Amino acid sequence: MKIRHSDYILIGVLVILVILGVLMIYSVSAPFSQERFGQTFYYLKRQILFGFLPGAILGFFFFKISLTFLRKTILILFLISLGLLVMVFIPNFGVSIGGATRWISLGPISFQPSELLKLTFIIYLAAWLTRDGFFSSKEKGKGQKKLISEKIKFVAFLIIIGLISLFLIFQPDLSTLGLIIFVAILMYFSAKTPILYTILIILIISGSLIALIKLAPYRMERLLVFLNPEIDPMGIGYQLRQALIGVGSGGISGLGLGMSYQKFGFLPHPIADAIFAIFAEETGFIGSLVLVLLFLIFFWRGFEISKKSPSEFSKLVALGISSWIVLQAFLHIGSMIGLLPLTGIPLPFVSYGASHLIIELIGVGILLNISKNT
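Going by my numbering, the sequence shown opens with residue 4, and the numbers climb by one from there.
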(Lines of atoms letter the chains of each structure in order from A and count residues from 1; the text may use other names and numbers.)
(Lines give C-alpha, C1' and ligand atoms only; values in the text may rest on other atoms or scores of the structure.)
Protein backbone atom coordinates (compact mmCIF):
# COMPACT_ATOMS: atom_id res chain seq x y z
CA MET A 1 0.00 0.00 0.00
CA LYS A 2 1.41 3.41 -0.99
CA ILE A 3 1.79 5.87 1.87
CA ARG A 4 0.32 9.27 1.04
CA HIS A 5 1.92 12.41 2.38
CA SER A 6 1.69 16.15 1.83
CA ASP A 7 3.98 18.14 -0.42
CA TYR A 8 7.13 18.64 1.66
CA ILE A 9 8.57 21.22 -0.73
CA LEU A 10 5.46 23.37 -0.37
CA ILE A 11 5.65 23.05 3.41
CA GLY A 12 9.30 24.10 3.33
CA VAL A 13 8.53 27.17 1.20
CA LEU A 14 5.67 28.13 3.53
CA VAL A 15 7.91 27.89 6.61
CA ILE A 16 10.59 30.08 5.00
CA LEU A 17 8.04 32.70 3.92
CA VAL A 18 6.47 32.85 7.39
CA ILE A 19 9.92 33.21 9.01
CA LEU A 20 10.77 36.02 6.57
CA GLY A 21 7.47 37.67 7.50
CA VAL A 22 8.30 37.51 11.22
CA LEU A 23 11.78 38.96 10.66
CA MET A 24 10.55 41.77 8.40
CA ILE A 25 7.62 42.79 10.62
CA TYR A 26 9.95 43.07 13.60
CA SER A 27 12.59 44.89 11.57
CA VAL A 28 10.15 47.40 10.11
CA SER A 29 7.90 47.95 13.13
CA ALA A 30 10.39 47.98 15.99
CA PRO A 31 11.25 51.74 15.87
CA PHE A 32 7.72 53.16 15.80
CA SER A 33 6.43 50.32 17.99
CA GLN A 34 8.90 51.48 20.67
CA GLU A 35 7.94 55.10 20.11
CA ARG A 36 4.17 54.54 20.31
CA PHE A 37 3.84 51.69 22.79
CA GLY A 38 7.13 51.54 24.66
CA GLN A 39 7.98 48.06 23.37
CA THR A 40 9.63 46.89 20.16
CA PHE A 41 7.59 43.69 19.84
CA TYR A 42 4.07 45.20 19.87
CA TYR A 43 3.18 44.66 16.19
CA LEU A 44 5.04 41.37 16.00
CA LYS A 45 3.12 40.00 18.99
CA ARG A 46 -0.18 41.06 17.44
CA GLN A 47 0.75 39.41 14.15
CA ILE A 48 1.59 36.15 15.92
CA LEU A 49 -1.33 36.15 18.38
CA PHE A 50 -4.09 37.35 16.05
CA GLY A 51 -2.70 36.22 12.70
CA PHE A 52 -0.28 33.31 12.74
CA LEU A 53 -1.70 31.24 15.62
CA PRO A 54 -5.38 31.36 14.49
CA GLY A 55 -4.24 30.85 10.90
CA ALA A 56 -2.11 27.82 11.80
CA ILE A 57 -4.95 26.24 13.81
CA LEU A 58 -7.55 26.84 11.09
CA GLY A 59 -5.09 25.81 8.39
CA PHE A 60 -4.52 22.49 10.19
CA PHE A 61 -8.30 22.04 10.54
CA PHE A 62 -8.83 22.50 6.80
CA PHE A 63 -5.87 20.24 6.15
CA LYS A 64 -7.66 17.43 7.99
CA ILE A 65 -11.29 17.83 6.86
CA SER A 66 -12.80 15.95 3.96
CA LEU A 67 -12.74 17.76 0.63
CA THR A 68 -16.22 16.35 -0.01
CA PHE A 69 -17.46 18.04 3.16
CA LEU A 70 -15.78 21.28 2.10
CA ARG A 71 -17.49 21.12 -1.27
CA LYS A 72 -20.90 20.56 0.34
CA THR A 73 -20.55 23.47 2.77
CA ILE A 74 -18.82 26.02 0.56
CA LEU A 75 -22.06 27.72 -0.53
CA ILE A 76 -22.77 28.58 3.12
CA LEU A 77 -19.22 29.89 3.62
CA PHE A 78 -19.44 31.93 0.43
CA LEU A 79 -22.74 33.49 1.51
CA ILE A 80 -21.25 34.28 4.93
CA SER A 81 -18.35 36.10 3.26
CA LEU A 82 -20.83 38.12 1.18
CA GLY A 83 -22.77 38.92 4.35
CA LEU A 84 -19.60 40.15 6.02
CA LEU A 85 -18.93 42.38 3.00
CA VAL A 86 -22.32 43.99 3.60
CA MET A 87 -21.50 44.54 7.28
CA VAL A 88 -18.62 46.89 6.46
CA PHE A 89 -21.23 49.46 5.43
CA ILE A 90 -23.21 49.17 8.69
CA PRO A 91 -22.44 51.89 11.27
CA ASN A 92 -20.67 50.65 14.42
CA PHE A 93 -19.46 47.58 12.54
CA GLY A 94 -17.65 48.97 9.52
CA VAL A 95 -14.35 50.76 9.96
CA SER A 96 -13.10 53.42 7.52
CA ILE A 97 -9.38 54.03 7.12
CA GLY A 98 -7.93 56.46 4.60
CA GLY A 99 -11.28 56.94 2.85
CA ALA A 100 -11.85 53.19 2.36
CA THR A 101 -14.45 51.14 4.24
CA ARG A 102 -13.01 47.63 4.14
CA TRP A 103 -12.86 46.44 7.74
CA ILE A 104 -15.19 45.12 10.43
CA SER A 105 -14.43 45.96 14.04
CA LEU A 106 -14.31 42.92 16.34
CA GLY A 107 -13.42 44.46 19.68
CA PRO A 108 -9.64 44.87 19.94
CA ILE A 109 -9.06 43.60 16.41
CA SER A 110 -10.41 44.34 12.95
CA PHE A 111 -11.11 41.93 10.11
CA GLN A 112 -11.13 42.47 6.34
CA PRO A 113 -13.96 40.41 4.77
CA SER A 114 -12.56 40.72 1.24
CA GLU A 115 -9.68 38.43 2.31
CA LEU A 116 -12.17 35.70 3.22
CA LEU A 117 -14.00 36.32 -0.05
CA LYS A 118 -10.86 35.49 -2.07
CA LEU A 119 -10.73 31.95 -0.69
CA THR A 120 -14.44 31.15 -0.45
CA PHE A 121 -15.08 32.40 -3.98
CA ILE A 122 -12.27 30.23 -5.39
CA ILE A 123 -13.70 27.10 -3.73
CA TYR A 124 -17.30 28.01 -4.58
CA LEU A 125 -16.40 28.68 -8.21
CA ALA A 126 -14.56 25.35 -8.43
CA ALA A 127 -17.59 23.52 -7.02
CA TRP A 128 -19.97 25.39 -9.32
CA LEU A 129 -17.93 24.85 -12.48
CA THR A 130 -17.62 21.10 -11.88
CA ARG A 131 -20.98 20.14 -10.42
CA ASP A 132 -22.94 17.37 -12.09
CA GLY A 133 -26.13 18.04 -13.93
CA PHE A 134 -27.46 20.65 -16.26
CA PHE A 135 -24.76 23.22 -15.57
CA SER A 136 -21.83 20.82 -15.98
CA SER A 137 -19.52 21.14 -18.99
CA LYS A 138 -19.19 17.35 -18.99
CA GLU A 139 -22.80 16.42 -19.54
CA LYS A 140 -23.54 13.16 -21.21
CA GLY A 141 -26.07 14.87 -23.43
CA LYS A 142 -24.94 16.46 -26.68
CA GLY A 143 -26.18 19.14 -29.03
CA GLN A 144 -28.62 21.87 -28.12
CA LYS A 145 -28.94 21.04 -24.44
CA LYS A 146 -25.19 21.31 -23.86
CA LEU A 147 -25.03 24.55 -25.86
CA ILE A 148 -27.76 26.10 -23.70
CA SER A 149 -25.96 24.90 -20.57
CA GLU A 150 -22.74 26.64 -21.60
CA LYS A 151 -24.64 29.86 -22.34
CA ILE A 152 -26.31 29.76 -18.92
CA LYS A 153 -22.96 29.12 -17.26
CA PHE A 154 -21.47 32.09 -19.13
CA VAL A 155 -24.29 34.44 -18.07
CA ALA A 156 -24.29 33.14 -14.48
CA PHE A 157 -20.53 33.65 -14.24
CA LEU A 158 -20.91 37.31 -15.28
CA ILE A 159 -23.75 37.78 -12.75
CA ILE A 160 -21.66 36.39 -9.89
CA ILE A 161 -18.68 38.55 -10.86
CA GLY A 162 -21.00 41.56 -11.14
CA LEU A 163 -22.38 40.98 -7.64
CA ILE A 164 -18.92 40.73 -6.11
CA SER A 165 -17.83 43.81 -8.07
CA LEU A 166 -20.62 45.91 -6.55
CA PHE A 167 -19.50 45.09 -3.01
CA LEU A 168 -15.82 45.82 -3.69
CA ILE A 169 -16.34 48.93 -5.82
CA PHE A 170 -18.24 50.68 -3.05
CA GLN A 171 -15.57 49.91 -0.43
CA PRO A 172 -13.60 50.78 -2.70
CA ASP A 173 -11.07 48.01 -3.33
CA LEU A 174 -10.38 47.76 -7.05
CA SER A 175 -7.05 45.96 -6.54
CA THR A 176 -8.69 43.04 -4.75
CA LEU A 177 -11.45 43.01 -7.34
CA GLY A 178 -8.94 42.80 -10.19
CA LEU A 179 -7.11 39.96 -8.44
CA ILE A 180 -10.33 37.99 -7.88
CA ILE A 181 -11.47 38.50 -11.47
CA PHE A 182 -8.13 37.37 -12.93
CA VAL A 183 -8.13 34.15 -10.88
CA ALA A 184 -11.80 33.55 -11.70
CA ILE A 185 -11.17 33.87 -15.45
CA LEU A 186 -8.21 31.48 -15.18
CA MET A 187 -10.39 28.92 -13.39
CA TYR A 188 -13.25 29.40 -15.88
CA PHE A 189 -10.87 28.77 -18.79
CA SER A 190 -9.30 25.75 -17.04
CA ALA A 191 -12.75 24.19 -16.57
CA LYS A 192 -12.73 23.41 -20.33
CA THR A 193 -15.38 25.98 -21.17
CA PRO A 194 -15.63 27.28 -24.76
CA ILE A 195 -12.75 29.63 -25.58
CA LEU A 196 -15.16 32.10 -27.19
CA TYR A 197 -16.91 32.68 -23.86
CA THR A 198 -13.58 33.22 -22.10
CA ILE A 199 -12.63 35.86 -24.69
CA LEU A 200 -16.01 37.57 -24.30
CA ILE A 201 -15.62 37.62 -20.51
CA ILE A 202 -12.15 39.16 -20.79
CA LEU A 203 -13.42 41.86 -23.18
CA ILE A 204 -16.47 42.71 -21.04
CA ILE A 205 -14.55 42.84 -17.77
CA SER A 206 -11.61 44.76 -19.27
CA GLY A 207 -13.96 47.40 -20.61
CA SER A 208 -15.68 47.67 -17.23
CA LEU A 209 -12.38 48.04 -15.35
CA ILE A 210 -11.19 50.75 -17.74
CA ALA A 211 -14.46 52.63 -17.15
CA LEU A 212 -14.03 52.33 -13.37
CA ILE A 213 -10.50 53.71 -13.57
CA LYS A 214 -11.62 56.70 -15.65
CA LEU A 215 -14.55 57.47 -13.33
CA ALA A 216 -12.40 57.74 -10.17
CA PRO A 217 -9.79 60.55 -10.15
CA TYR A 218 -7.48 58.80 -7.65
CA ARG A 219 -7.35 55.69 -9.86
CA MET A 220 -6.40 57.82 -12.85
CA GLU A 221 -3.71 59.46 -10.70
CA ARG A 222 -2.23 56.06 -9.85
CA LEU A 223 -2.20 55.17 -13.53
CA LEU A 224 -0.51 58.46 -14.42
CA VAL A 225 2.13 57.88 -11.75
CA PHE A 226 2.74 54.40 -13.14
CA LEU A 227 3.20 55.80 -16.65
CA ASN A 228 5.35 58.70 -15.43
CA PRO A 229 6.92 58.08 -11.96
CA GLU A 230 8.47 61.59 -11.91
CA ILE A 231 5.11 63.34 -12.00
CA ASP A 232 4.43 65.28 -8.77
CA PRO A 233 7.19 63.53 -6.74
CA MET A 234 6.07 65.15 -3.48
CA GLY A 235 2.38 64.45 -4.10
CA ILE A 236 0.74 61.54 -5.93
CA GLY A 237 4.13 60.18 -6.99
CA TYR A 238 5.64 60.27 -3.51
CA GLN A 239 5.01 56.66 -2.45
CA LEU A 240 6.37 55.13 -5.65
CA ARG A 241 9.38 57.46 -5.58
CA GLN A 242 10.24 56.48 -2.00
CA ALA A 243 9.68 52.79 -2.79
CA LEU A 244 12.09 53.00 -5.72
CA ILE A 245 14.65 54.79 -3.53
CA GLY A 246 14.36 51.99 -0.99
CA VAL A 247 14.69 49.22 -3.58
CA GLY A 248 17.63 50.96 -5.25
CA SER A 249 19.40 51.63 -1.95
CA GLY A 250 19.61 47.90 -1.26
CA GLY A 251 22.10 47.29 -4.06
CA ILE A 252 23.27 43.71 -4.51
CA SER A 253 23.43 42.45 -0.92
CA GLY A 254 21.31 45.00 0.97
CA LEU A 255 21.95 47.24 3.97
CA GLY A 256 21.31 44.44 6.46
CA LEU A 257 18.25 43.48 8.52
CA GLY A 258 17.01 46.40 10.59
CA MET A 259 19.14 48.92 8.68
CA SER A 260 16.51 50.41 6.38
CA TYR A 261 16.26 54.21 6.19
CA GLN A 262 12.93 54.37 4.36
CA LYS A 263 11.00 52.87 7.26
CA PHE A 264 11.74 55.97 9.39
CA GLY A 265 8.75 57.96 8.13
CA PHE A 266 9.82 58.29 4.51
CA LEU A 267 7.80 55.44 2.97
CA PRO A 268 4.04 55.31 3.71
CA HIS A 269 2.69 52.04 5.15
CA PRO A 270 6.09 50.31 5.31
CA ILE A 271 4.83 47.46 7.48
CA ALA A 272 2.09 46.33 5.09
CA ASP A 273 1.45 47.91 1.68
CA ALA A 274 5.11 48.70 0.99
CA ILE A 275 6.96 45.99 2.89
CA PHE A 276 8.74 44.63 -0.20
CA ALA A 277 10.51 47.97 -0.69
CA ILE A 278 11.93 47.66 2.84
CA PHE A 279 12.76 44.00 2.25
CA ALA A 280 14.68 44.91 -0.92
CA GLU A 281 16.47 47.74 0.87
CA GLU A 282 17.63 45.46 3.69
CA THR A 283 18.37 42.27 1.72
CA GLY A 284 19.25 43.70 -1.68
CA PHE A 285 18.92 42.11 -5.09
CA ILE A 286 19.98 38.71 -3.75
CA GLY A 287 17.30 38.66 -1.06
CA SER A 288 14.65 39.91 -3.48
CA LEU A 289 15.60 37.24 -5.99
CA VAL A 290 15.31 34.55 -3.30
CA LEU A 291 11.85 35.85 -2.37
CA VAL A 292 10.68 35.79 -6.00
CA LEU A 293 12.07 32.25 -6.41
CA LEU A 294 10.18 31.12 -3.29
CA PHE A 295 6.89 32.29 -4.79
CA LEU A 296 7.73 30.70 -8.14
CA ILE A 297 8.43 27.40 -6.36
CA PHE A 298 5.12 27.86 -4.50
CA PHE A 299 3.29 28.15 -7.81
CA TRP A 300 5.18 25.21 -9.30
CA ARG A 301 4.17 22.96 -6.41
CA GLY A 302 0.59 24.27 -6.52
CA PHE A 303 0.43 23.61 -10.26
CA GLU A 304 1.80 20.07 -9.76
CA ILE A 305 -0.77 19.42 -7.05
CA SER A 306 -3.50 20.68 -9.38
CA LYS A 307 -2.28 18.56 -12.29
CA LYS A 308 -2.21 15.37 -10.19
CA SER A 309 -5.47 15.99 -8.33
CA PRO A 310 -7.93 13.09 -8.35
CA SER A 311 -11.00 15.20 -9.21
CA GLU A 312 -11.86 18.21 -11.32
CA PHE A 313 -13.04 20.05 -8.19
CA SER A 314 -9.76 19.67 -6.31
CA LYS A 315 -7.83 20.43 -9.51
CA LEU A 316 -9.54 23.81 -9.87
CA VAL A 317 -9.26 24.60 -6.15
CA ALA A 318 -5.50 23.92 -6.16
CA LEU A 319 -5.02 26.01 -9.29
CA GLY A 320 -7.11 28.85 -7.88
CA ILE A 321 -5.37 28.98 -4.48
CA SER A 322 -1.83 28.80 -5.86
CA SER A 323 -2.63 31.38 -8.58
CA TRP A 324 -4.24 33.75 -6.07
CA ILE A 325 -1.31 33.75 -3.63
CA VAL A 326 1.44 34.01 -6.24
CA LEU A 327 -0.37 36.60 -8.37
CA GLN A 328 -0.98 38.71 -5.27
CA ALA A 329 2.72 38.48 -4.41
CA PHE A 330 3.78 39.65 -7.86
CA LEU A 331 1.18 42.45 -7.89
CA HIS A 332 2.65 43.70 -4.62
CA ILE A 333 6.26 43.37 -5.80
CA GLY A 334 5.50 44.81 -9.25
CA SER A 335 3.85 47.90 -7.76
CA MET A 336 6.90 48.56 -5.55
CA ILE A 337 9.37 48.50 -8.44
CA GLY A 338 7.27 50.48 -10.91
CA LEU A 339 6.29 47.59 -13.19
CA LEU A 340 2.62 47.86 -12.16
CA PRO A 341 0.40 50.63 -10.76
CA LEU A 342 0.30 50.93 -6.96
CA THR A 343 -2.16 48.40 -5.56
CA GLY A 344 -2.09 48.53 -1.77
CA ILE A 345 -2.52 44.76 -1.44
CA PRO A 346 -0.34 42.88 1.08
CA LEU A 347 2.60 40.61 0.32
CA PRO A 348 1.38 37.09 1.24
CA PHE A 349 2.80 35.68 4.50
CA VAL A 350 5.10 38.70 4.89
CA SER A 351 3.03 41.91 5.23
CA TYR A 352 1.53 42.90 8.57
CA GLY A 353 -2.16 42.10 8.90
CA ALA A 354 -4.03 39.27 10.61
CA SER A 355 -6.87 38.94 8.09
CA HIS A 356 -4.80 38.09 5.05
CA LEU A 357 -2.38 35.85 6.97
CA ILE A 358 -5.18 33.74 8.48
CA ILE A 359 -6.87 33.23 5.12
CA GLU A 360 -3.57 32.48 3.34
CA LEU A 361 -2.68 29.82 5.91
CA ILE A 362 -6.13 28.28 5.52
CA GLY A 363 -5.62 28.29 1.76
CA VAL A 364 -2.29 26.48 2.11
CA GLY A 365 -3.93 24.00 4.49
CA ILE A 366 -6.47 23.16 1.79
CA LEU A 367 -3.71 22.95 -0.81
CA LEU A 368 -1.77 20.48 1.37
CA ASN A 369 -5.01 18.57 1.97
CA ILE A 370 -5.36 18.13 -1.78
CA SER A 371 -1.67 17.19 -2.13
CA LYS A 372 -1.95 14.23 0.25
CA ASN A 373 -4.69 12.79 -1.96
CA THR A 374 -2.83 13.13 -5.26
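Note that CB positions come from ideal geometry on N, CA and C, so glycine has one too. Computed from a predicted model, the values in this text were never measured in an experiment.
{"Query": "Cβ neighbour criterion (16 or more within 10 Å) applied to residue 94", "Result": "exposed"}
{"Query": "Residue 354 vs residue 115 beta-carbon contact at 8 Å", "Result": "no"}
{"Query": "Minimum C-alpha distance to residue 170 - residue among 104, 325 and 295", "Result": "104"}
{"Query": "C-beta contact flag for residue 37 and residue 43 at 8 Å", "Result": "yes"}
{"Query": "Beta bridge counterpart(s) of residue 160 as assigned by DSSP", "Result": "Beta-bridge pairing links residue 160 to no other residue."}
{"Query": "Start-end ranges of the alpha helix (DSSP H) lying completely within the stretch 232-299, minimum 4 residues", "Result": "241-252"}
{"Query": "Contacts around residue 346, its chain only, beta-carbon distance under 6 Å, and the 5 residues preceding and following it disregarded", "Result": "178, 334 and 338"}
{"Query": "Distance between beta carbons of residue 297 and residue 26, contact taken as under 8 Å", "Result": "Actually they are not in contact, since the Cβ atoms of residue 26 and residue 297 sit about 14 Å apart, beyond 8 Å."}
{"Query": "Spatial neighbours of residue 282 in its chain, beta-carbon cut-off 6 Å, leaving aside the 5 residues before and after", "Result": "27"}
{"Query": "Span of the beta strand (DSSP E) around residue 113", "Result": "112-114"}
{"Query": "Reduced DSSP secondary structure (H/G/I, E/B, other) of residue 196", "Result": "coil"}
{"Query": "Same chain, Cβ closer than 6 Å to residue 365, five either side skipped, listed in chain order", "Result": "61, 62 and 65"}
{"Query": "Extent of the continuous alpha helix (DSSP H) run through residue 74", "Result": "70-90"}
{"Query": "Cβ-Cβ distance between residue 126 and residue 77 below 8 Å", "Result": "yes"}
{"Query": "Helix, strand or coil at residue 108 according to DSSP, with G and I counted as helix", "Result": "strand"}
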